[in-house]
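Number 1415 marks the last residue of the sequence shown (the working numbering); no jumps. Backbone N, C-alpha and C define an ideal beta-carbon position, used for all residues, glycine too. Given the structure is predicted, the values throughout are model-derived calculations rather than measurements.
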Amino acid sequence: MENIAQFKWEIPLEHRIHKVELKHDLKSNQVKINVDGKETLQCKMRESNESDVFKVETLSCNFKIEKIDNMFHYSITVDGKSFRGYKKEYMKRFDMWRKEGKEVLVVYDRYNHVLYGNGKLVAPRHDFVSDGCMTYFEVDENNCHIETVSSPITKTLMNVLYINNWEVPVCVDKEEEVFTHAVPPPTKGFNWRAWF
């Protein structure tokens, strides 16, 4: 069995995505949190980690490790919400698209009607057509446009992104919220099963 349990979450914040990595050393009982590759928190694992706050820019986050039967369950909270609850709130305001390969990240703020490409504010050109609006812009030499049309199902406006004339699906939340790892067998001088 591996001695390190390691898991990752991606937290969107406005027009960027931050990568949070949790490393749990099962031998030393040490927990490390890295945000975007930089260590931001190091502590010993204990029953409650609510006081161990780490920041993702303006967001206050906590991690939680629970032992249920013979499994550790790892989760994070973001600004007092569950990871999934935070992302659900984010997606009410922002449309986000990611193109694989040479990554292109496009974020549209529906509240303020501003558009970002790879973290930078872009100046789009709008053309109004009979059934909606066409928005044209460039991201790192990629020709992009968004078609804003009425959804036949929900009867609300929806945005469809094309990069170099290829449709890119809008991001949906399929990321794991809670990760699990088997509790290691007891070792000399330390019994995980007695930890709780």
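> Just the Cα atoms here: how many angstroms apart are F1302 and P1231?
Replying inline: Here the question's residue 1302 lines up with position 83 in the sequence shown. Here the question's residue 1231 lines up with position 12 in the sequence shown. One C-alpha to the other measures close to 11 Å.
>> Report the start-end ranges of each beta strand (DSSP E) in the region 1272-1333 that is 3 residues or longer and not cut off at the edges.
In response: Counting only unbroken stretches of 3 or more residues, the beta strand (DSSP E) elements lying wholly within the region 1272-1333 are 1272-1275, 1278-1287, 1290-1297, 1313-1318, 1323-1328, in sequence order.
> Quick one: Cα of Y1305 to Cα of I1295, how far?
Replying inline: The sequence position of residue 1305 within the sequence shown is 86, counting from 1. The sequence position of residue 1295 within the sequence shown is 76, counting from 1. Cα-Cα distance, rounded: 11 Å.
> Roughly how far, in whole angstroms, is the beta-carbon of K1263 from the beta-carbon of Q1249, given that I think they are within contact range, below 8 Å?
Replying inline: As a first step, residue 1263 is located in the sequence shown; it is residue number 44 there, counting from the start. As a first step, residue 1249 is located in the sequence shown; it is residue number 30 there, counting from the start. Yes, K1263 and Q1249 are in contact; Cβ-Cβ is about 6 Å, under 8 Å.
> Rounded to a whole number of angstroms, what is the C-alpha to C-alpha distance between W1414 and V1368?
Replying inline: Counting from one through the sequence shown, the residue named residue 1414 turns up at place 195. Counting from one through the sequence shown, the residue named residue 1368 turns up at place 149. Because the pLDDT at W1414 is just 49, under 50, the model does not fix this residue reliably, and the point stays unresolved.
> Ends of the beta strand (DSSP E) at P1403?
Replying inline: Along the sequence shown, one-based indexing puts residue 1403 at 184. Element bounds for P1403: n/a, residue is neither H nor E.
>> Below 8 Å, how does it come out for the region 1397-1406 and the region 1346-1360: are there three or more Cβ pairs, yes or no?
In response: Contact between the region 1397-1406 and the region 1346-1360 is absent, because fewer than three Cβ pairs lie under 8 Å.
> How close, in whole Å, do the beta carbons of R1171 and Y1330 come, if the pair is a contact with beta carbons under 8 Å?
Replying inline: Examination of residue 1171 is not possible in this model, given that the chain is present from 1220 through 1415 alone.
> What residue does the beta strand (DSSP E) around N1362 start on, and which one ends it?
Replying inline: In the sequence shown, counting from the first residue as 1, residue 1362 sits at position 143. Looking at the DSSP string, the run of the beta strand (DSSP E) that includes N1362 is 1361-1369.
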